[in-house]
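Student: I'd like to ask some things about the structure below.
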Amino acid sequence: MNQLQKLLGYARRAIEDYSMIADGDSIAVGISGGKDSLVLLKTLATLRNFLPEKFNLYAITIDMGFPNTDFSDIAAFCESLNVPYSIVKTQIAEIVFDVRREPNPCSLCAKMRRGALHNEAKRLGCNKLALGHHNNDVVDTFMLNLIYGSRFGTFQPVTYLSRKDITVIRPFIYAQEYEIASYAKEAGLPVMKSPCPADGGTERAEMKKLLSELGHRYHGIRKSIFGAIERAQIDGYHENRRGKRRPERADVDEQDD
């Protein structure tokens, strides 16, 4: 089985387990330019041909306003998949780094990006927004909330945002980051290097490194943590109850990725 087939299997299982896609949906995919979102777009574009549910697909990039960013390769990639692509130009980078000079810019930046992404998805007539968070992200977020937030929690597989009347879905919750990275490299996808000056220097990056180090000593630690999240049914996760869960309602934006 090649990497794409594995990823298609993960996505299809998540879609079935959490009723992520219904017939007639219009789904926007948030495209940052990183490997996760590009592989998710390829996966969903492929699944259009196999899922019994028929849905429309759109791709959206939020241009943060960093200098020398070129999305032409991503535009060509979307065209090759027959997916309409829109770029929303913003001044988020200037606001966060120059005007506000945020010492911890990630939270404000993510909030502004999400707002722009939700607005564009609604403008396109989409009722769902697909994000590229994978299984590693589920576990990383859980551990960040445990250590820094003193609580059990992570982002939900499916979240209905009542203020925006849009449902956020995460079809890659079963996929491992290394599998996504392997396929992106194998397929030669136009992955962009992040232009953000804060990239790599965050608590999330530290947690990723810590769990990687622990994984060498305690084999399967991520799998064990994710299994505990499912068994405890934290934030809507569950074990093998396919298609029986409905999206939770939320009056606030989904948690930062």
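Just so we're aligned, residue 1 is where the sequence shown starts under the numbering used here, counting upward by one. The beta-carbon is built from N, C-alpha and C at its ideal position, and this holds for glycine as well.
Please work out which residues of its chain come closer than 6 Å, Cβ to Cβ, to Gln-255, disregarding the five sequence neighbours upstream and downstream, and give them in chain order.
Tutor: With a pLDDT of 37 at Gln-255, under the threshold of 50, the modelled position of that residue is not reliable, and the figure given next carries that caveat. Correct list, in chain order: Phe-155.
Student: Specify whether the segment 23-35 and the segment 58-78 touch according to this definition: at least 3 beta carbon pairs, one from each stretch, less than 8 Å apart.
Tutor: Short answer: they touch.
Student: Compute the Euclidean distance between the alpha carbons of Gly-215 and Glu-179, then round it to the nearest angstrom.
Tutor: Spanning the two alpha carbons is a distance of roughly 16 Å.
Student: Is the beta carbon of Leu-51 sitting closer than 9 Å to the one on Arg-12?
Tutor: Yes, they are a contact pair.
Student: For Gly-200, does the count of other Cβ atoms within 10 angstroms reach 16, so buried, or fall short, so exposed?
Tutor: Exposed, by the Cβ-count rule.
Student: Exposed or buried, Ile-173, counting other C-beta atoms within 10 Å across all chains shown (16 or more means buried)?
Tutor: When all chains shown are included, Ile-173 counts as buried.
Student: I think Ala-22 touches Pro-171, with their Cβ atoms under 8 Å apart; what is that distance to the nearest whole Å?
Tutor: Contact flag wrong, Cβ pair sits at about 14 Å.
Student: Helix, strand or coil for Ile-60 per DSSP?
Tutor: Strand.
Student: Starting from Val-29, follow its DSSP beta bridges and name the residues at the other end.
Tutor: Partner(s): Ala-59, Ala-130.
Student: Look at the alpha carbon of Ala-110 and the alpha carbon of Ala-116, and state the distance between them as a whole number of angstroms.
Tutor: Using only the alpha carbons, I get a separation of about 10 Å.
Student: Just how far apart, CA to CA, sit Gly-153 and Phe-66?
Tutor: Between Gly-153 and Phe-66, the C-alpha separation is close to 32 Å.
Student: Start and end of the alpha helix (DSSP H) containing Ile-74?
Tutor: 72-80 is the extent of the alpha helix (DSSP H) around Ile-74.
Student: Please list, in chain order, all residues of the same chain as Ile-169 whose beta carbon is under 6 Å from its beta carbon, the five residues on each side excluded.
Tutor: Excluding residues within five positions, the ones whose Cβ falls inside 6 Å are Met-20, Lys-128, Ala-130, Val-158.
Student: In angstroms, rounded to a whole number, what distance separates the CA positions of Gly-220 and Leu-161?
Tutor: Roughly 34 Å separates the two Cα atoms.
Student: According to DSSP, Tyr-85 sits in a beta bridge with which residue or residues?
Tutor: Ala-59.
Student: Quick check on the DSSP output: the alpha helix (DSSP H) that includes Val-96 runs from which residue to which?
Tutor: Element bounds for Val-96: n/a, residue is neither H nor E.
Student: Classify Glu-120 as buried or exposed, calling it buried when 16 or more other Cβ atoms lie within 10 Å of its own Cβ.
Tutor: Under this definition Glu-120 is a buried residue.
Student: Since I believe Leu-211 is in contact with Val-139 (beta carbons under 8 Å), could you give me their beta-carbon distance rounded to a whole number of angstroms?
Tutor: That belief holds up - the Cβ atoms of Val-139 and Leu-211 are roughly 7 Å apart, short of 8 Å.
Student: Would you say Tyr-237 faces chain B, with C-beta separation under 9 Å as the test?
Tutor: No chain B is part of this structure, which consists of one protein chain only.
Student: Considering Cα atoms alone, identify which of Thr-167, Arg-123, Met-192 is closest to Lys-35.
Tutor: Ranking Thr-167, Arg-123, Met-192 by Cα distance to Lys-35 puts Met-192 first.
Student: If you draw a straight line from the alpha carbon of Leu-47 to that of Gly-9, how long is it in whole angstroms?
Tutor: Roughly 10 Å separates the two Cα atoms.
Student: Verify whether the separation of the beta carbon atoms of Leu-124 and Glu-203 is less than 9 Å.
Tutor: Going by C-beta atoms, Leu-124 is not nearer than 9 Å to Glu-203.
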